[in-house]
Each structure stands twice: as structure tokens, then as C-alpha cells.
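Residue numbers (numbering that gives the first Met the number 0), protein chains in the order written: chain S, 0 to 448; chain U, 0 to 283; chain P, 0 to 97. Encoded as C-alpha cells, the structure appears first; notes follow it.
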Amino acid sequence: MRDRAGPAGAAVTVAEPERPAFDAIVVGAGPAGSAAALELARAGRSVALIERGPFPGSKNVYGGVVYGRVLDELIPGWYERMPVQRWITRRQTMLLSGERSMTVDFRCQSWGRAPYNGATAYRAEFDNWLTEHAQKEGALLVPSTVVTAVLRTAEGRVVGVRTDRPDGDLTARVVIACDGVNSFVAKQAGLYPEGQAEHTTLGVKETLALPKETIDERFGVSGDDGVDIEILGGTQGVPGGAFLYTNRDTLSVGLVLGLPGLAGQGRRPEEILAELKRHPSIAPLVRGAELVEYSAHLIPEGGYHSMPRLVGDGLLVAGDAAAMCLAAGIWLEGVNFALGSGMYAGRAAARALAAGDLRRLRDYRSLLESSFVLADHKKLRKAPGLVLSERVQHRYPGLVCDLVEGVFTVDNPKPKPGIRRLLRRSARSNGVRMRELARDALTGLRSFG
Amino acid sequence: MGELLVVVALRWADGRARVDPLTGEVETDPRGAGAGEADRCALEHGLRIAGAAGGRCVAVTVAPPQAEEMLRDALACGADAVLRVDVPEWDPRLADSGSGTAQALAQAVRAEFGEPGLVLTGDHSADRGTGSTPAFLAARFGYAQALGLVELAYADGALTAVRRLDRGRRERLAVPLPAVCSVEPAGVRLRRAGLPATLAARTADVPTVPGAVAGEPVTVHAARPYRPRAKELPPPPEPDPRLRLLRLTGAHEQRDPPRVVVTDDPGEAADELLGYLKAKGYLA
Amino acid sequence: MNQRYADVAFEDRMSHVDFRVAEKAHIVVDTDVCRSCTTKACVHACPANLFVPTDDGGILFNYEQCFECGTCYLVCDGGNAISWSYPDGGQGVVFRHG
Numbered sequence: 000m001r002d003r004a005g006p007a008g009a010a011v012t013v014a015e016p017e018r019p020a021f022d023a024i025v026v027g028a029g030p031a032g033s034a035a036a037l038e039l040a041r042a043g044r045s046v047a048l049i050e051r052g053p054f055p056g057s058k059n060v061y062g063g064v065v066y067g068r069v070l071d072e073l074i075p076g077w078y079e080r081m082p083v084q085r086w087i088t089r090r091q092t093m094l095l096s097g098e099r100s101m102t103v104d105f106r107c108q109s110w111g112r113a114p115y116n117g118a119t120a121y122r123a124e125f126d127n128w129l130t131e132h133a134q135k136e137g138a139l140l141v142p143s144t145v146v147t148a149v150l151r152t153a154e155g156r157v158v159g160v161r162t163d164r165p166d167g168d169l170t171a172r173v174v175i176a177c178d179g180v181n182s183f184v185a186k187q188a189g190l191y192p193e194g195q196a197e198h199t200t201l202g203v204k205e206t207l208a209l210p211k212e213t214i215d216e217r218f219g220v221s222g223d224d225g226v227d228i229e230i231l232g233g234t235q236g237v238p239g240g241a242f243l244y245t246n247r248d249t250l251s252v253g254l255v256l257g258l259p260g261l262a263g264q265g266r267r268p269e270e271i272l273a274e275l276k277r278h279p280s281i282a283p284l285v286r287g288a289e290l291v292e293y294s295a296h297l298i299p300e301g302g303y304h305s306m307p308r309l310v311g312d313g314l315l316v317a318g319d320a321a322a323m324c325l326a327a328g329i330w331l332e333g334v335n336f337a338l339g340s341g342m343y344a345g346r347a348a349a350r351a352l353a354a355g356d357l358r359r360l361r362d363y364r365s366l367l368e369s370s371f372v373l374a375d376h377k378k379l380r381k382a383p384g385l386v387l388s389e390r391v392q393h394r395y396p397g398l399v400c401d402l403v404e405g406v407f408t409v410d411n412p413k414p415k416p417g418i419r420r421l422l423r424r425s426a427r428s429n430g431v432r433m434r435e436l437a438r439d440a441l442t443g444l445r446s447f448g
Numbered sequence: 000m001g002e003l004l005v006v007v008a009l010r011w012a013d014g015r016a017r018v019d020p021l022t023g024e025v026e027t028d029p030r031g032a033g034a035g036e037a038d039r040c041a042l043e044h045g046l047r048i049a050g051a052a053g054g055r056c057v058a059v060t061v062a063p064p065q066a067e068e069m070l071r072d073a074l075a076c077g078a079d080a081v082l083r084v085d086v087p088e089w090d091p092r093l094a095d096s097g098s099g100t101a102q103a104l105a106q107a108v109r110a111e112f113g114e115p116g117l118v119l120t121g122d123h124s125a126d127r128g129t130g131s132t133p134a135f136l137a138a139r140f141g142y143a144q145a146l147g148l149v150e151l152a153y154a155d156g157a158l159t160a161v162r163r164l165d166r167g168r169r170e171r172l173a174v175p176l177p178a179v180c181s182v183e184p185a186g187v188r189l190r191r192a193g194l195p196a197t198l199a200a201r202t203a204d205v206p207t208v209p210g211a212v213a214g215e216p217v218t219v220h221a222a223r224p225y226r227p228r229a230k231e232l233p234p235p236p237e238p239d240p241r242l243r244l245l246r247l248t249g250a251h252e253q254r255d256p257p258r259v260v261v262t263d264d265p266g267e268a269a270d271e272l273l274g275y276l277k278a279k280g281y282l283a
Numbered sequence: 000m001n002q003r004y005a006d007v008a009f010e011d012r013m014s015h016v017d018f019r020v021a022e023k024a025h026i027v028v029d030t031d032v033c034r035s036c037t038t039k040a041c042v043h044a045c046p047a048n049l050f051v052p053t054d055d056g057g058i059l060f061n062y063e064q065c066f067e068c069g070t071c072y073l074v075c076d077g078g079n080a081i082s083w084s085y086p087d088g089g090q091g092v093v094f095r096h097g
């Protein structure tokens, strides 16, 4: 296993190449990699974009929504050509507790018109579409090729990668690691902190087929409009969340499960998913749907504090490889951060190459900090901890549902209870102290506000 | 004979077509399409034979433009040239005939590369899978054919092959050249292309010639379960119905019980066999 | 107990996914290490159900229908019992939707 990618793989020390084969190698043709390759190719640099799957997107899974605003800068008019399933015009946040649920439902019809907001899309289509743009600009896609090791000089500068193909060493001035959540490239380069498992969640997803008309009826939308439902509480005690998105004629139903919680729980992911699909609030939505694909992928959910070092010697890290995934309860985003970080990595690399000074790769960090990519992560750095906390996961859904049940249950001939008393009672029965509630509200306000 | 020209004909098909659970339509995905395992084995055989004979190996296909990826892979693996006979993306509801494919292939190969010394294909494609294209190819070229091979070897100008027969038997063939051979997905695996060749193939030009394969709509004449014709059996000539029934079931028939012979001595076993054959009238 | 119909069978669930099985296994488990492992988190956590506990306390592993997610090696606390890598280029899982 020594010669293969993996946690046990090690960087290979080589002599400084006289003439690197490429200006840059981008590892991984996901959104981050394609964005980086696109920027570099546009700047007139020779780029190899190495992808381990037979086509871009073939190894990738996500919840289901792309927020494409950042594409305005990369591919103007993207929304007219992107392979979209549905444009999100309705967002719901749902709390599940037992057989109860409480939903906040927001509809915004202008999200269904240019310049749009978020869209559901299949990754196999979206990633491929993005890579085609990079290829059109001159990036060289190398599919079906696994990067097994980074090539480093004795001084530790990354000068290329080793692939699993025969005669498979490839050299470049800059390497950009966009190789996803497991990022063996960044790990080999020593950029990764310990304890990745704590900050990683497992996403499992079912793609379920239903006729378009049925989806339109069940979810109250029409045409290309779609619905995005984020769910808290449907995970059978494992810290995490759930989601339900509409595609044109399929639904994406899935779970996000914290790895430590899943490991300790002894329940299988698909069992928890089946349980979610039986919940009275979910079952009518998915009834009669045929499974067309089951998929799973890891998600780096630790946020700002769990990120690896983003810049190494001759190496930049972007996308999931840099843990750039925002799982902050009401916001679940990732592809946009991958696109953004990839774009800035490509830009920083192009500038450093143009200046002939690889120390300028450090500009990547400042580009990120002055953009939404790190600004959002920094602002929401406490959110992942809060969202995955025991109180938010286990007690608050129950508290909210108890409270709402108390408000709306007509208990005649008893008079209606006051809401403040109901709140105190619900808090007590769910084991929440008012002081904790106030503190979490404050943390929430501070990090979300 | 000049240098051996080995032509490998690849079928571009999605190996994992899906039937839509709602409409019953067959869905194929060009991204997942490529050469089937049998075709990949054919390419490996072609590369080895061309290498052993000091000849050329070319890969051809009759397919829409998305199939270029498959031909680039063939180039990366070591094919000397590739050729795509351009046809529009076919309607999966139309059946294309092996005859039409063979005609388009033969015409393009003759025009571009001349007369081949050996044409290789997989035994069945992943989509239609009738396995008729290689037979039609042999007819088009007027070559010998050996289909469904599991082994293929070339040495000193002679091509030998092994074919599977029923009950685990094999037949060994000396294939006269020129010939058309189709191989089962067995015995060899397509080599992994090296990185430099892969990089070169990514930007290589894939030559294209126009072609046409007429698809014929499938007409279903009848769809009935198979019912073999009834065999007439005269009733046994017994007067008593109970006896007739017993005769039919064969319950009271006298039968020789099977004789199990256990012996370690080969001579004794041979005598036993000879005796049996003599008793049954097979030996005088 | 109220017996309810389960979801689709696990085999049916996996039959909807395209796996191009590589010749070489990309997962290798040191089952000697597993015998001393009390949690065996991989058995429950692996979304593809690739890890099966054996009678003698070891772990039997499969690699053919792997989603290549990495859950197993991250939850494994048995001193690197699981050597994990990616399958050869072009092999392994191919998601059509994702």
C-alpha cells in the first residue's frame, strides 16, 4: 500500500526538476479544482487538472444546492447555461421531535428569476460543465488518474505529484490541492491538523424518482422552481441534520451525521435515513418514490478552526481539502466556498508565477480573508460547535415543539397558559436551563448576527 | 505479406443503462459510456499481436462524437492510430443491425488503412449484445472467422486461439490470416496507459469519417410465453384403470440398479469399462 | 412490538450504484488489530456496510462496493487497523447524480 494514496502514503523526495512540465498542477476536478484551473488557464498558464474519476463529478456527492453568485466573476451569465435541476424559491427549516415537527417556511419568487440565488443540480452534470469551461480556456484534464504522492525537493518545496499511472511523475511550479475532504495531498505536505474525525460528518443521500407533476404538487411549486428543506432533529440522536431537496423529477433526501456520534451510536446510516423517511412530516413527501441512487460522502464541517494551513511551499489548498464547508444550521453551503477558494487559489498562483516569486503564493490567504470565503467562516466560527452541541441537537427541537404544542393545544375547560410559563415548562421538561438558553441565544446572535 | 495491420473495432456503449422506473424508457448516459470489457480485452490482444508481429494496431469505432474519449484512451494505451466513423447519436428505441455496423466499419477501414491482416472485436457489446457484428465483418472482408475466443496468441506468423466448448471442453484453433476474431472478456486485461502517453492522447486529434448506420424500429409481432408442442402418448394397453396408472408412473417397472465400481487399479477399471461397452454392444 | 416494513433491502439499495470493481483491493484491514478492538465502529458507520465482524472477533472486509468516503479509517480507533487508499484511476464508484 506504500505506493498508493492514503493516510499512510508519504511524500517522495526528488531533485529539483530543471524544466517543470506544467506551470501548475491542480489535483481534483471538482468545483474548486476547475475554478483554479480556469483562472490559471485564463492567465495563460499551462495547467494539468488531474481527476481520479472517469469524468469530473463521478466521485462527488453533496446535499444538493449550489449558490452560484461567485460564478458571476468566473463565468458571466452562468445561470443561462448551468445544468440546473430547479431554482430554489422556497426554503424551509424544519425541527423534528418525535412525531411532531415545526417548520419555518419562506418563499421568494424573485429567486426564480435572473440573477437567481440557489439551484439544485446533479454533481455529475455540474462538475463536468465547470471542467469544460476550464478545458475551453486551455486546461488539460487528465481523468482516471489518482495522485498517490506529492513530489518534494530536499528543502521541502512541492514540485509535482506522483500518479498511479506507469511512468507517472508530473512536475510543475505550483501544485493546488483540491482533492476533497480526505486530501492526501495536503496531509502528505504536512498541512493538516490532527483530529480530523471530530470535525467530519458523514453525508448519506438517496436520490428518489417521482414524476415532475407529483413533485410540483407535493411541494407547491411549478416550472423550474424548487424547494430546499433543512431538517434538525431527524437523526435518531446522532448529532447532525437532514435535508430534502427537489430536483426536476427526483428528490434528494439525506442525512448529515457527525462521525464521533455515529461511531458511538451503533446504528447504521441507512437505518436512520429510513426512520427519517417514515416521519409523518416526511413520509407524505417521499411516498411512492423509487430509489435511483444511494450515495455517501464525508463533509468537513469543523469550520474556521479546523482548517488546515492553506499555503505550503509551492502548494495551495482549496475547497473541501481546506475544510471550506459551512454547516451553520440555517446556512448549509460548500460548493460556493469551493468555487471561491479555487478561484482565489488560481489567481494567487497565476500572480506568483507571473512575478516569478513563489513566496507570493501567500497572497492566497489575504485574497480569501478579504472575500466571503474566509470572512464568512471567521464570522461563523462558533456556529458548527453550537449547531452540533448536545442542546441544539437533542433538547431544543423538543423544547420548541413542546412550546408550540402547548400554545396550540386547546385544553378546555382549562384556561390558556401564558407563553412565558409554557416556555419555562418546556425548558424544564427538556432539561434546558434558562441561563443556558439565554447564553446559546447570545452565542447564536453573535455568530450569526 | 507486408507489416500486419491489426484493426480493433470498439463498441461505444453505456455498460450500465438504466430503465426508468416511472416511464420504462431506457436511459443511457454518455459520460458513463465506453468500451465494454470484451472490447478492452480485444484491444489488449490487438496491441500484443501487433507488438509481436512488428505491425500496427489501430482502433476504430462507429459512434457519435462523445466516443472520442474512448479512442483517446486507446491511443494512450498504445494504439498507433484511431478512427471514428461519425454517426449521429442513436435512438435507443431503434435496433441497429450488426450488418450495418460491419459495413460502415469495413468501408472506413479499407478507405483509411487498407486491407487489414486481422480484425479483433469483443464477443458481445454491452448494449445490443447480439454478437453478430464480427460475423458480418468477416463476410464483408471475405476473411476467416473465429468467434468467442478465450485465448489468442501470435508467434512466427501463425495465429492460434482457444475457444470454450460445452462441458468445460476447449478447442484449439489455428486461425489462418487474414481473419476476424472476437474475444470473450477473459484471460487478459487492458494495460494501464502511462502518464506521458495519456497526456499526449488528451490533445491528440481523433480523425473522423462520415458514416451512416440505419436503425430499424423494433416491431414486436407477438409476445407470448413459450409453450412447447404437446407430445402425444398412447395409453398403456391395460384394461384396469389402476394398472394403466401404475404403468404410466412406472412404479412397478423392473430396473437394474446402478452398479458402483470402486477400484484403485487402472487395469481393472479399464476392463470394467470395456466389459460394459461390450455388453451394451458398442464394442465387438 | 409494532413491526413495520423496512426500507428497500441493502442489496437493492447498492444495486442502483455503478461500481467499477478494481482488481486490487484499496482497503486492507489488519484483522489481528481488530480482535482487540471493542468498539468496531467501522461495522456500523460504513455507509456501504463493507465491514463484517467474524466469530473470532476479527473483521472481514469488502472493497468492491465502496463509496470511497473515508469514514472507516477516520472512525477506526484501533491503531491504523484499516489501510485505506483510493482505487486505481477510473475504477471504483461512479455517481451519476451525486
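Every residue gets a Cβ at the ideal spot worked out from N, C-alpha and C, and that includes glycine. Remember, it's a predicted structure, so these values are computed and weren't measured experimentally.
Shown in chain order are the members of the stretch 183-210 of chain U whose Cβ falls below 9 Å from a Cβ of chain S: R190, R191, A192, G193, L194, P195, A196, T197, L198, R201, T202. For U/V84, the closest of U/A105, U/T60, U/M69, U/Q65 by C-alpha to C-alpha distance is U/T60. Interface with chain U (9 Å Cβ-Cβ cutoff): P/V42 is excluded.
Here S/V173 is not near S/I49, since their CB atoms are 9 Å or more apart. CA-CA distance, S/E124 to S/D227, rounds to 19 Å. For S/T102, there is no enclosing alpha helix (DSSP H); the residue is found in the beta strand (DSSP E) stretching over 99-106.
Interface annotation, P/E10: not in contact with chain U, CB-CB separation never under 9 Å.
Linking S/A171 to U/L70 through their CA atoms gives a straight-line distance of about 27 Å. Approximately 17 Å separates the beta-carbon atoms of U/W11 and U/A80; this is outside 8 Å, ruling out the contact.
By the Cβ test, the stretch 315-322 of chain S is not in contact with the stretch 381-397 of chain S, since fewer than three Cβ pairs between them sit closer than 8 Å. For S/K276, the uninterrupted alpha helix (DSSP H) segment begins and ends at 268-277. The three-state reading of DSSP puts P/F66 in coil, since its state is none of H, G, I, E or B.
Between the stretch 59-77 of chain S and the stretch 299-315 of chain S, the count of Cβ pairs shorter than 8 Å is below three; the stretches do not touch. Annotation: S/G222 to S/D248 spans about 12 Å, alpha carbon to alpha carbon. Restricted to the stretch 47-72 of chain U, not a single alpha helix (DSSP H) segment is unbroken, complete and at least 4 residues in length. Rounded to whole angstroms, the gap between the alpha carbons of P/Y62 and U/P257 is 48 Å. In this chain, the alpha helix (DSSP H) harbouring S/I418 covers 418-428. Secondary structure at S/M342: helix, using DSSP grouped into helix, strand and coil. At a cut-off of 4 residues, the continuous stretches assigned as alpha helix (DSSP H) that sit fully inside the stretch 172-259 of chain U are 194-201, 240-248.
Under the Cβ criterion (8 Å, minimum of three pairs), the stretch 343-363 of chain S does not count as touching the stretch 188-204 of chain S. Sequence-distant partners of S/M101 (beyond 5 residues in either direction) whose C-beta falls short of 6 Å from its own C-beta, in its chain, are L94, V399, C400, V403. Of the candidates S/E292, S/E332, S/L256, S/E332 places its Cα closest to the Cα of S/F371. Not one beta carbon of chain S lies nearer than 9 Å to the beta carbon of U/G14. The beta-carbon separation of P/T70 and S/L258, rounded to 7 Å, stays under the 8 Å limit for a contact.
When secondary structure is reduced to three states using DSSP, U/E267 falls in the helix class. Its chain contains W86, I87, T88, N116, G117 as the residues whose beta carbon lies nearer than 8 Å to that of S/W110, once the 5 sequence neighbours on both sides are disregarded; these appear in chain order. About 6 Å separates the CB atoms of S/T162 and S/V146; that is less than 8 Å, so the two are in contact. Cα atoms of P/H96 and S/L338: separation of roughly 19 Å, rounded to the nearest angstrom. Short of 7 Å from the beta carbon of S/S96, and not among the five residues preceding or following it, lie these beta carbons of its own chain, in chain order: G232, P396, G397, C400. Here P/C36 is buried: its Cβ has 16 or more other Cβ atoms, across all protein chains shown, within 10 Å.
In the three-state reduction of the DSSP assignment, P/F94 falls in the coil class, being assigned neither a helical nor a strand state.
Counting C-beta pairs with one atom in each stretch, the stretch 137-145 of chain U and the stretch 169-183 of chain U have three or more that are closer than 8 Å, which means they touch. Contact of S/F54 with chain U by beta-carbon distance below 9 Å involves R30, G31, E68. With respect to chain P, the C-beta atom of S/H296 has a partner C-beta closer than 9 Å.
Spanning the alpha carbons of S/K415 and S/Q91 requires a straight line of approximately 29 Å. Here DSSP, grouped into helix, strand and coil, assigns S/W330 to strand.
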